[in-house]
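Visitor: Sharing a structure with you now.
Number of protein chains: 2
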Amino acid sequence: MTDLPKQRVDTPTNFPPFEQPCPIRDVLDRIGDQWSLLLLESLAPGRKRFSELGREIGDISKQMLSRTLKQLEQDGFITRTVYPEVPPRVEYELTDLGQSFRGPMQALVQWADANHRVIVEARNRYRGLD
Amino acid sequence: MTDLPKQRVDTPTNFPPFEQPCPIRDVLDRIGDQWSLLLLESLAPGRKRFSELGREIGDISKQMLSRTLKQLEQDGFITRTVYPEVPPRVEYELTDLGQSFRGPMQALVQWADANHRVIVEARNRYRGLD
DNA sequence: CGGCAACGGTCTACTTCTTAGACCAGTCTT
DNA sequence: AAGACTGGTCTAAGAAGTAGACCGTTGCCG
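First to last, the protein sequences are chains A and B. Per UniProt numbering, the first sequence starts with residue 1, numbered consecutively. Per UniProt numbering, the second sequence starts with residue 1, numbered consecutively.
Below is the structure:
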């Protein structure tokens with residue numbers, strides 16, 4: 001920090017960022033995380049409550065569940081409804097936007113389903129000739 | 001660790017994980033990270049070399065670029081070709097599997113493009129009534 | 001009445017992932 | 001001889017995710 005030979009920085013990741021306001025980037029950064037797609041897929045059949053979603057996904061932490069749902073709500077994919085009952089009940093449901101996303105999502109899911117075998121095979125083949 | 005009152009664990013994230021070998025999960029976990037989709041999209045028009053991809057994406061670190069490309073190669077989405085030239089040249093290209101993924105990916109990209117406005121608006125609206 | 005369970009979160013400490021950027025090897029240019 | 005170019009790898013530091021304790025309210029059970 002004090003007297004490092006800082007000059008001549010070789011190739012210091014000098015990729016000029018130039019696609020920040022790119023709509024694809026913006027949208028993909030949101031739904032392209034570990035959980036968003038899974039949650040949207042989980043909500044496709046209909047409204048579900050918090051713990052129900054947690055149970056379906058299985059290995060998501062409550063914090064990420066809560067956080068991801070909040071993001072999806074912010075971005076207008078889902079609505080959050082709180083019923084002032086005792087134990088509290090909160091239900092999540094796809095909005096029209098969320099519904100409209102089911103199309104492309106289905107395309108993705110179907111492709112994944114259809115090509116899963118091939119991918120696993122590629123993975124094993126690669127492992128073999130490493 | 002020694003004498004913590006460990007009993008009565010309230011609700012310790014007791015969601016039983018039950019979808020590990022789910023093909024959708026498996027595929028989505030791979031391509032649903034920060035960079036994979038972007039790279040596949042970047043490679044859709046044709047073969048590109050390492051630094052070219054880095055430049056196009058802009059804000060990806062070399063390590064993640066390298067790592068993500070390796071994963072995509074392992075899973076059979078792309079091929080990696082090294083030309084034993086002097087400065088070394090390495091080109092990446094979609095395989096048939098990768099090509100076949102362009103369909104669902106296009107659906108996603110088009111949706112993203114078409115609905116970007118709506119999402120941004122939702123985001124701003126939410127910010128307002130927070 | 002005491003104690004606990006149910007539910008939807010939040011908070012904290014710990015672990016894992018990602019980033020920044022230095023470094024490397026071999027050749028061509030200046 | 002000093003740098004630049006290329007495709008990586010390595011390490012330290014910073015960001016993100018996880019586990020699980022904790023909370024408040026009410027109803028059920030003994």
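All residues carry an ideal CB built from backbone N, CA and C; glycine is no exception.
Who pairs with B:Arg-25 in a beta bridge, going by DSSP?
Guide: Locating residue 25 of chain B in the second sequence gives position 25, where the first residue counts as 1. None, per the DSSP bridge assignment.
Visitor: Within 8 Å (strictly less), CB to CB, does A:Arg-67 reach chain B?
Guide: Working through the first sequence from its first residue, we reach residue 67 of chain A at position 67. No, A:Arg-67 does not count as interfacial toward chain B.
Visitor: CA-CA distance, A:Gln-74 and B:Tyr-126?
Guide: For this step, residue 74 of chain A is matched to residue 74 along the first sequence. For this step, residue 126 of chain B is matched to residue 126 along the second sequence. C-alpha separation (whole angstroms): 6 Å.
Visitor: Among all the DSSP beta bridges, which residues are the ones paired with B:Thr-79?
Guide: As a working mapping, residue 79 of chain B is identified with position 79 in the second sequence. Answer by DSSP bridge pairing, in chain order: B:Glu-93.
Visitor: Considering only DSSP beta bridges, list what A:Arg-49 is partnered with.
Guide: Counted from its first residue, the first sequence places residue 49 of chain A at position 49. Paired residues: A:Glu-91.
Visitor: Any idea what DSSP makes of B:Pro-104, helix, strand or coil?
Guide: The residue given as residue 104 of chain B occupies position 104 in the second sequence. Here B:Pro-104 sits in helix by DSSP.
Visitor: Please go through the same chain and pick out, in chain order, the residues whose beta-carbon is closer than 8 Å to the beta-carbon of A:Arg-49, but skip the five residues on each side of it.
Guide: Residue mapping note: residue 49 of chain A aligns to position 49 of the first sequence, counting from 1. Contacts found: Arg-89, Val-90, Glu-91, Tyr-92.
Visitor: Over what stretch of residues does the alpha helix (DSSP H) that includes B:Gln-74 continue unbroken?
Guide: Numbered from 1 along the second sequence, position 74 holds the residue referred to as residue 74 of chain B. It spans 62-74 - the alpha helix (DSSP H) in which B:Gln-74 sits, taken as one unbroken run.
Visitor: Is there a Cβ from chain B that is less than 8 Å from the Cβ of A:Gln-99?
Guide: Taking the first sequence and counting its residues from 1, the one referred to as residue 99 of chain A is at position 99. No - not a single Cβ of chain B is within 8 Å of the one on A:Gln-99.
Visitor: Return the residue from the list B:Ile-57, B:Arg-117, B:Arg-55, B:Trp-35 that minimises the CA-CA distance to B:Arg-67.
Guide: Along the second sequence, read from residue 1 onward, the residue named residue 67 of chain B stands at position 67. Here the closest residue by C-alpha is B:Trp-35.
Visitor: What separation, rounded to the nearest whole angstrom, lies between the Cα atoms of A:Arg-25 and B:Gly-54?
Guide: For the purposes of this step, residue 25 of chain A is identified with residue 25 of the first sequence, where counting begins at 1. For the purposes of this step, residue 54 of chain B is identified with residue 54 of the second sequence, where counting begins at 1. Rounded to whole angstroms, A:Arg-25 to B:Gly-54 spans 15 Å at the Cα level.
Visitor: Is A:Asp-113 helix, strand or coil by DSSP?
Guide: Residue mapping note: residue 113 of chain A aligns to position 113 of the first sequence, counting from 1. Looking at A:Asp-113 - three-state DSSP - the assignment turns out to be helix.
Visitor: Whole angstroms is fine: what's the gap from A:Leu-94's alpha carbon to B:Gly-76's?
Guide: Residue 94 of chain A sits at position 94 when you count from the first residue of the first sequence. Residue 76 of chain B sits at position 76 when you count from the first residue of the second sequence. Approximately 34 Å, taken between the alpha carbons.
Visitor: Pick out whichever of A:Leu-97, A:Val-109, A:Glu-56 has its Cα sitting closest to the Cα of B:Ala-122.
Guide: Here residue 122 of chain B corresponds to residue number 122 of the second sequence, with the count starting at 1. Answer by Cα proximity: A:Leu-97.
Visitor: Answer yes or no: do B:Leu-28 and A:Leu-38 have a C-beta to C-beta separation smaller than 8 Å?
Guide: The residue labelled residue 28 of chain B in the question sits at position 28 within the second sequence. The residue labelled residue 38 of chain A in the question sits at position 38 within the first sequence. A contact, by the Cβ cut-off of 8 Å.
Visitor: For B:Ala-112, is the classification buried or exposed, using 16 other Cβ atoms within 10 angstroms of its Cβ as the cut-off for buried?
Guide: Within the second sequence, numbered from 1, the residue matching residue 112 of chain B stands at position 112. Result: buried.
Visitor: Find the residues of chain A that neighbour B:Gly-76, judging by a C-beta separation of less than 7 Å, and give them in chain order.
Guide: In the second sequence, counting from the first residue as 1, residue 76 of chain B sits at position 76. Within chain A, the residues near B:Gly-76 are Val-118, Ile-119, Ala-122.
Visitor: Should B:Val-27 be flagged as near chain A, meaning a C-beta pair shorter than 8 Å?
Guide: In the second sequence, residue 27 of chain B corresponds to position 27, counting from 1. Yes, B:Val-27 lies at the interface with chain A (some Cβ there is under 8 Å from its Cβ).
Visitor: Measuring straight from C-alpha to C-alpha, what distance separates A:Leu-4 and A:Ala-107?
Guide: For the purposes of this step, residue 4 of chain A is taken as the residue at position 4 of the first sequence. For the purposes of this step, residue 107 of chain A is taken as the residue at position 107 of the first sequence. Residue confidence for A:Leu-4 is low, a pLDDT of 31 falling below 50, so the modelled location carries little weight and cannot support an answer.
Visitor: Does A:Gly-58 come out as helix, strand or coil in the three-state DSSP assignment?
Guide: In the first sequence, counting from the first residue as 1, residue 58 of chain A sits at position 58. It is coil, neither helix nor strand.
Visitor: Checking 8 Å against the spacing of the C-beta atoms, do B:Gly-32 and A:Gly-32 come in under that value?
Guide: The residue you call residue 32 of chain B lines up with position 32 of the second sequence. The residue you call residue 32 of chain A lines up with position 32 of the first sequence. Yes; because the gap between Cβ atoms is below 8 Å, this pair is in contact.
Visitor: Rounded to whole angstroms, what's the CA-CA distance from B:Ser-61 to B:Ser-51? Just pull it up for me.
Guide: Numbered from its first residue, the second sequence carries residue 61 of chain B at position 61. Numbered from its first residue, the second sequence carries residue 51 of chain B at position 51. Roughly 11 Å between the two C-alpha positions.
Visitor: How about B:Ala-44 and B:Arg-102: do their beta carbons lie closer than 8 Å?
Guide: Stepping through the second sequence from its first residue, residue 44 of chain B is reached at position 44. Stepping through the second sequence from its first residue, residue 102 of chain B is reached at position 102. Yes, the Cβ-Cβ distance between B:Ala-44 and B:Arg-102 is below 8 Å.
Visitor: Would you please state the rounded distance, in angstroms, between the beta carbons of A:Gln-63 and A:Arg-30? I believe it to be under 8 Å.
Guide: Counted from its first residue, the first sequence places residue 63 of chain A at position 63. Counted from its first residue, the first sequence places residue 30 of chain A at position 30. That pair is no contact at about 18 Å.
Visitor: Report the rounded CA-to-CA distance for A:Leu-69 versus B:Val-82, giving the unit in angstroms.
Guide: Taking the first residue of the first sequence as position 1, residue 69 of chain A is located at position 69. Taking the first residue of the second sequence as position 1, residue 82 of chain B is located at position 82. Those two C-alpha atoms are separated by around 43 Å.
Visitor: Using a Cβ-Cβ cut-off of 8 Å, state whether B:Tyr-92 counts as contacting chain A.
Guide: Working through the second sequence from its first residue, we reach residue 92 of chain B at position 92. Judged by the 8 Å Cβ criterion, B:Tyr-92 is not in contact with chain A.
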